[in-house]
């Protein structure tokens, strides 16, 4: 089983459930399991993506608040992503097998895998501890993410969905499934990991790995 095949189960379920849009919790609480250690001084918005069908378009508006953008693969390994923070624009995330061309005005952002997760973290306070909650909240609500076909039909669509924090609790089931597979059939689990590492879709390991 290859890297993309491994991702196609729970990962694709979350991608379809999220409908390829940014989602964020209405508050930070233990039920928010998207991040291992979420901070009470940031707002989060993220999405599980499936880039196998078409590119996903991310629109970041102009803002004065600080924010960061990271990317992970289905095994939660950090990935490089060329969307610079504090830089408004329209960005097109493409999967590892994409060979097409994006429309003018969309900055290409090639991803090394086709099933990434893209979290935004928005600071509630400035570098001098000024409360910027209102501006941070407005920025997060203005983030947009949608498939290219939907963007072409409605560039203003795909606004971030802010939902009750309890809706993120089922994300814990991803780790639970992994734990259960180790317990039930550790050899099969290790063979699956070997296949993932050997897959041509898996980014190269670092020299110190």
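In full-length UniProt numbering, the protein residues as written are 1 to 209.
Think of the CB as a built atom: it goes at the ideal place given N, C-alpha and C, for glycine as much as any other residue.
On a predicted model such as this, the values are computed, not experimentally measured, just so you know.
Subject >> Exposed unless 16 or more other CB atoms sit within 10 angstroms - verdict on residue 76 >> reply: exposed
**OP:** Please state if the CB of residue 88 and the CB of residue 61 are separated by a distance shorter than 7 Å.
**Re:** yes
Original post:
Out of curiosity, what's the CA-to-CA distance linking residue 99 and residue 130?
Top reply: 45 Å
Original post:
residue 184: buried (16+ other C-beta within 10 angstroms of its C-beta) or exposed?
Top reply: exposed
Original post:
Quick one: any contact between the stretch 112-123 and the stretch 42-55, if contact means 3 or more CB pairs under 8 Å?
Top reply: yes
Original post:
Is the stretch 51-69 in contact with the stretch 186-206, if contact means three or more CB pairs nearer than 8 Å?
Top reply: no
Original post:
Using the C-alpha atoms, what's the distance from residue 207 back to residue 155?
Top reply: 42 Å
**OP:** Spatial neighbours of residue 182 within its chain, please: CB distance less than 6 Å, with the 5 preceding and 5 following residues excluded, ordered by chain position.
**Re:** 189
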